[in-house]
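Below: one structure, written as structure tokens.
Number of protein chains: 2
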Amino acid sequence: MNLDKKISMAVIRRLPRYYRYLSDLLKLGITRISSKELSSRMGITASQIRQDLNCFGGFGQQGYGYNVEYLYKEIGNILGVNEAFKIIIIGAGNMGQALANYTNFEKRGFKLIGIFDINPNLIGKKIRDVEIMHLDSLDRFVAENQVDIAILCVPYENTPAVADKVARLGVKGLWNFSPMDLKLPYDVIIENVHLSDSLMVLGYRLNEMRKSQRNKS
Amino acid sequence: MNLDKKISMAVIRRLPRYYRYLSDLLKLGITRISSKELSSRMGITASQIRQDLNCFGGFGQQGYGYNVEYLYKEIGNILGVNEAFKIIIIGAGNMGQALANYTNFEKRGFKLIGIFDINPNLIGKKIRDVEIMHLDSLDRFVAENQVDIAILCVPYENTPAVADKVARLGVKGLWNFSPMDLKLPYDVIIENVHLSDSLMVLGYRLNEMRKSQRNKS
DNA sequence: TAGATTGTTAATCGATTAACAATC
DNA sequence: TAGATTGTTAATCGATTAACAATC
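Chains as they are written, first to last, in the UniProt record's numbering: chain R, 1 to 217; chain Y, 1 to 217.
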């Protein structure tokens with residue numbers, strides 16, 4: 001168990017995936033699983049699974065494998081599903097409202113406590129009991145409430161300014177939906193969701209497949 | 001110029017990022033750029049930039065660097081921004097509607113031609129001139145129109161069945177928004193957008209930062 | 001021409017996979 | 001106990017970085 005050693009992002013990004021598969025196994029009523037069996041389900045090597053898990057501790061047992069429920073809970077703890085991170089959404093356009101309606105996030109340890117916009121037609125409206133407030137009241141809100149993460153769903157051109165403002169107010173996690181790489185001079189964790197990047201990669205791969213099929217025939 | 005050689009996914013996933021930075025440079029009126037200068041803007045090594053670009057051809061000139069407009073267009077072509085991929089959205093809930101309103105996709109070579117749902121209250125409604133149709137008419141629609149990509153925004157439990165149906169109809173690209181790894185026995189390109197995975201990684205990193213700050217003091 | 005910067009090969013680094021002793 | 005499977009070290013593979021000759 002290589003505890004306190006620096007864990008690579010490659011490993012970290014696989015954790016939510018393990019968590020999902022373990023959740024599925026639980027639902028199927030499977031109580032124990034070997035790295036070999038999980039390997040064939042997930043399409044990665046058993047060796048990688050054992051390596052990954054051992055970054056965080058020895059969760060298995062020789063000759064037995066892993067207890068599904070135990071491993072599920074442990075990975076949940078590592079990912080902080082019981083932390084109840086307080087999140088706010090900035091920008092209540094289509095994407096902001098869509099995310100506000102995602103009840104899944106709650107299950108994974110994220111609690112929406114505020115939504116902000118500048119459109120007067122939206123102010124006062126509620127989404128799942130959370131009020132849409134004017135962006136002008138953000139300062140006071142952040143001062144009065146602990147806000148762990150801000151979800152940025154504002155138009156492209158406003159994103160840098162809003163990100164800067166939020167970071168200055170002391171919010172330490174930003175989830176950015178604009179197609180740009182935010183850089184801030186503060187100690188803030190930024191996670192980008194570049195939807196158009198993903199779609200463009202899909203387009204590229206589609207073309208490549210078609211090309212290779214044409215060459216075959 | 002290592003043409004026709006297999007290009008790694010690591011390189012491919014960086015292409016849209018290059019494309020974004022070149023677009024920014026164009027807007028700034030910068031006409032030429034060296035790998036060194038681009039390197040400092042993007043925060044990756046100049047060596048990596050030259051390696052990446054040379055997978056697709058020699059776009060630069062010794063002693064000069066790269067012509068921004070030329071490189072922008074070339075990468076655009078590689079990514080297929082002029083292909084006008086025909087896309088449909090399945091599931092016109094919050095996320096489906098949010099994506100339907102994304103005009104950005106059009107600029108990057110994706111044309112929305114249909115939206116499908118099963119909710120009778122939504123059928124007939126239009127989003128940006130695109131009609132929401134009943135899922136029952138999907139078969140005929142795909143038969144009568146070329147559909148390159150289907151965006152899946154349906155509830156978790158319906159996703160596998162809908163994905164299977166769409167793939168059977170001959171759609172070769174799937175953009176999946178459900179938190180599951182789709183596997184299909186057909187030659188279909190699947191690109192997953194696992195929003196909750198991304199958010200959980202953000203939560204993990206936030207916790208790690210806080211831990212390390214606590215240890216310092 | 002001299003200076004700059006690419007394209008490309010070689011070296012390094014990190015991540016994945018294989019192997020196996022430890023042990024349940 | 002014997003069989004199974006982990007935890008962990010060692011080997012391999014692939015991706016990134018460094019170096020430099022080619023050349024604009």
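Even for Gly, the Cβ is constructed at its ideal location relative to N, Cα and C.
C-beta neighbour in chain Y for residue i, strict 8 Å
| i | result |
| --- | --- |
| H134(R) | no |
| Q97(R) | yes |
| P155(R) | no |
| A10(R) | no |
| C164(R) | First, the residue type needs correcting, since residue 164(R) is Asp and not Cys in the sequence shown. Chain Y contact via Cβ: absent. |
| N207(R) | yes |
| I189(R) | yes |
| residue 226(R) | The structure shown does not extend to residue 226(R), since chain R spans only 1 to 217, so no value can be given for it. |
| S198(R) | yes |
| R20(R) | yes |
| F141(R) | no |
| V68(R) | no |
| Y72(R) | no |
| L169(R) | no |
| R13(R) | yes |
| L195(R) | yes |
| K216(R) | no |
| F59(R) | no |
Whether residue i touches residue j by CB criterion (8 Å)
| i | j | result |
| --- | --- | --- |
| G173(R) | L206(Y) | yes |
| N104(R) | P179(Y) | yes |
| A98(Y) | M95(R) | yes |
| D117(Y) | I127(Y) | no |
| V68(R) | T45(R) | no |
| I90(R) | V166(R) | yes |
| L182(R) | P155(R) | no |
| V81(Y) | R108(Y) | yes |
| G65(R) | Y19(R) | no |
| I189(Y) | L202(R) | yes |
| D52(R) | R13(R) | no |
Minimum C-alpha distance to residue i - residue among the options
| i | options | result |
| --- | --- | --- |
| I113(Y) | N121(Y), I123(Y), V142(Y) and P185(Y) | V142(Y) |
| D187(R) | Y21(Y), V68(Y) and E208(Y) | E208(Y) |
| I78(Y) | V154(Y), K27(Y) and P16(Y) | P16(Y) |
| V193(R) | N176(R), K36(R) and K183(R) | N176(R) |
| D136(Y) | L26(Y), F110(Y) and L169(Y) | L169(Y) |
| Y72(R) | K27(R), D181(R) and M9(R) | K27(R) |
| N145(R) | K125(R), H134(R) and V171(R) | V171(R) |
| E191(Y) | G203(Y), A163(Y), S212(Y) and Q48(Y) | A163(Y) |
| Y21(R) | G65(R), K6(R) and M42(R) | M42(R) |
| F56(Y) | N101(Y), S40(Y) and I7(Y) | I7(Y) |
| L195(R) | E157(R), N121(R), Q213(R) and C153(R) | C153(R) |
| residue 291(Y) | R210(Y), D139(Y) and K111(Y) | Past the boundaries of the shown model lies residue 291(Y); chain Y is included only from 1 to 217, so the question cannot be answered. |
| K125(R) | S23(R), A100(R) and E106(R) | A100(R) |
| M9(R) | Q213(Y), D197(Y), R214(Y) and K211(Y) | D197(Y) |
| Y70(R) | R140(R), R214(R), S23(R) and Y204(R) | S23(R) |
Min CB distance residue i to chain R below 8 Å
| i | result |
| --- | --- |
| M1(Y) | Because M1(Y) sits at a pLDDT of 47, beneath the cut-off of 50, its placement in the model cannot be relied upon, and the following sentence gives the value as read from the coordinates. Output row for M1(Y): interface = no. |
| residue 220(Y) | Lying outside 1 to 217, the shown extent of chain Y, residue 220(Y) is not represented and no answer is given. |
| G114(Y) | no |
| P16(Y) | yes |
| V201(Y) | yes |
| D129(Y) | no |
| G109(Y) | yes |
| Y186(Y) | no |
| S39(Y) | no |
| G80(Y) | yes |
| P160(Y) | no |
| L53(Y) | no |
| E83(Y) | yes |
| N94(Y) | yes |
| Y204(Y) | yes |
| N119(Y) | no |
Inset, instruction - Spell out a yes or no on whether the stretch 69-87 of chain R and the stretch 140-149 of chain R are touching, meaning 3 or more CB-CB pairs, one atom from each, closer than 8 Å. - result: yes
Legend entry - Runs of alpha helix (DSSP H) wholly within the UniProt DNA-binding region "H-T-H motif" (17-56) of chain Y (minimum 4 residues, chain order): 35-42 and 46-54
Inset, instruction - Determine, using beta-carbon pairs with one atom in the stretch 51-65 of chain Y and one in the stretch 28-35 of chain Y, whether at least three such pairs fall under 8 Å. - result: yes
Inset, instruction - At 3 residues or longer, and completely inside the stretch 50-111 of chain Y: list those beta strand (DSSP E) runs for me, N to C. - result: 65-67 and 85-90
Inset, instruction - Starting from the N-terminal side, write out each stretch of the beta strand (DSSP E) that is 3 residues or longer and does not extend beyond the stretch 161-194 of chain Y. - result: 173-176 and 189-192
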